[in-house]
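Visitor:
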Amino acid sequence: MAVVPTQLRQIREDKRLIGLVRKYRLIYDPRHGDYKDVELKEEAWQDIADRLARELQLTKTRWRNLRERFVREKKRLVTLGEEAYSAKDPWPLLEDMTFLWDFIVHRERPSKTFKAEQVIMQSFLPILPRPEWVDVASDQGASSDNIEPSCTLKRGEETKLPIKRERDLVEEEATESKLRRLLDHPSSHVSRTLYQK
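As numbered in our numbering, residues 592 to 788 make up the sequence shown, in order.
#1: Between the Cα of arginine 698 and the Cα atoms of Glu762, Ile609, Tyr615, Leu617, which residue gives the shortest distance?
#2: In the DSSP assignment, the alpha helix (DSSP H) including alanine 644 goes from what residue to what residue?
#3: Based on Cα-Cα distance, which residue from Glu659, Ile695, Arg655 lies nearest to arginine 622?
#4: One question on the structure: do leucine 611 and arginine 642 come within less than 8 Å of each other, judged by their Cβ atoms?
#5: Can you find the residues in the same chain that come closer than 7 Å, C-beta to C-beta, to arginine 613, ignoring five residues on each side of it along the sequence?
#6: Taking Cβ to Cβ, would you say leucine 631 is nearer than 8 Å to aspartate 625?
#7: Cβ atoms of threonine 650 and leucine 608: under 8 Å apart, would you say?
#8: Give me the Cβ distance between tyrosine 615 and alanine 635, rounded to the nearest whole Å; I'm assuming they're in contact under 8 Å.
#9: Hey, how far is the Cα of glutamine 648 from the Cα of threonine 597?
#10: If you compare alpha carbons, which of Val595, Arg645, Arg772, Arg655 is closest to methionine 688?
#11: Under 7 Å from any heavy atom of the ligand MG, does the C-beta of threonine 652 make it?
#12: When burial is assigned at 16 or more other CB atoms within 10 Å of the CB, is lysine 665 buried or exposed?
#13: Helix, strand or coil, according to DSSP, for valine 612 in the structure here?
#14: Anyone know if the C-beta pair for arginine 667 and tyrosine 676 falls short of 8 Å?
#15: Locate the alpha helix (DSSP H) running through tyrosine 626, then write down its first and last residues.
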């Protein structure tokens with residue numbers, strides 16, 4: 592795909608914006624001490640907009656669009672692998688935005704097959720009793736034989752085990768493992784870029 596002069600101009604402007612945002616870590620790094628300081632962030636954004644001779648809101652909107660594109664491209668790179676990604680119209684600003692790599696964490700969506708299996712598995716899980724379901728008269732020496740529910744479940748209501756959180760943790764570990772393998776591969780252009788910084 593040929594790049595026309597207007598696209599080249601936009602790429603140059605975007606590279607300049609990316610370079611300026613990169614200098615203000617408090618904009619993109621949640622671990623930065625001033626990340627939650629709204630006033631400092633606003634001052635940083637105003638400085639960036641002034642240097643670009645753009646309106647503040649247009650500058651923020653353009654950054655948000657670039658960041659969202661980076662998220663999609665990063666996911667595509669991880670999914671396809673570097674060689675296949677490079678062969679299929681790579682985004683020209685990906686390398687400029689690699690400083691965001693560690694600040695973007697993807698959550699893998701389970702496949703439809705996995706969802707169906709999950710529903711089947713959940714239907715076989717035991718329902719855990721809630722404390723309010725049972726009147727236990729410990730003073731009267733109540734045994735499990737004379738425990739009766741003090742309320743009934745409404746249709747479709749149940750208590751579930753915390754399966755979703757466990758699945759999320761496993762998926763997160765799998766994603767991180769894939770990223771590390773990709774970054775640690777000696778032929779990885781992205782890994783060389785990241786390790787040089």
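For each residue, glycine too, the CB sits at the ideal point set by N, CA and C.
Guide: On the basis of the data shown:
#1: Sequence index remark: in the sequence shown, residue 698 carries index 107 (1-based). Looking at the Cα atoms, Glu762 is the closest of the given residues.
#2: Position 53 of the sequence shown, counted from the start, is the residue given in the question as residue 644. Element bounds for alanine 644: n/a, residue is neither H nor E.
#3: Locating residue 622 in the sequence shown gives position 31, counting from the first residue. Among Glu659, Ile695, Arg655, the Cα nearest to that of arginine 622 is on Ile695.
#4: One-based indexing of the sequence shown puts residue 611 at position 20. One-based indexing of the sequence shown puts residue 642 at position 51. Yes, these two residues count as a Cβ contact at 8 Å.
#5: As a first step, residue 613 must be located in the sequence shown, where it is residue number 22. Cβ within range, chain order: Phe690.
#6: By one-based count along the sequence shown, residue 631 stands at place 40. By one-based count along the sequence shown, residue 625 stands at place 34. Yes, they are a contact pair.
#7: As a first step, residue 608 is located in the sequence shown; it is residue number 17 there, counting from the start. As a first step, residue 650 is located in the sequence shown; it is residue number 59 there, counting from the start. It is a contact, given that the beta carbons lie within the stated cut-off.
#8: Along the sequence shown, read from residue 1 onward, the residue named residue 615 stands at position 24. Along the sequence shown, read from residue 1 onward, the residue named residue 635 stands at position 44. Their Cβ separation, rounded to whole angstroms, is 4 Å, which keeps tyrosine 615 and alanine 635 in contact under 8 Å.
#9: Mapped onto the sequence shown, residue 648 falls at position 57. Mapped onto the sequence shown, residue 597 falls at position 6. Looking at the two C-alpha atoms, the distance is approximately 22 Å.
#10: Working through the sequence shown from its first residue, we reach residue 688 at position 97. If we check each option's Cα against that of methionine 688, Arg655 comes out closest.
#11: Looking at this structure, you won't find the ligand MG or any other ligand, since it has none at all.
#12: Sequence index remark: in the sequence shown, residue 665 carries index 74 (1-based). By the 10 Å Cβ count, lysine 665 comes out buried.
#13: Residue mapping note: residue 612 aligns to position 21 of the sequence shown, counting from 1. Correct three-state label for valine 612: helix.
#14: The sequence position of residue 667 within the sequence shown is 76, counting from 1. The sequence position of residue 676 within the sequence shown is 85, counting from 1. Going by C-beta atoms, arginine 667 is nearer than 8 Å to tyrosine 676.
#15: Taking the first residue of the sequence shown as 1, we reach residue 626 at position 35. Counting along the chain, tyrosine 626 falls outside any alpha helix (DSSP H), and DSSP gives it neither H nor E.
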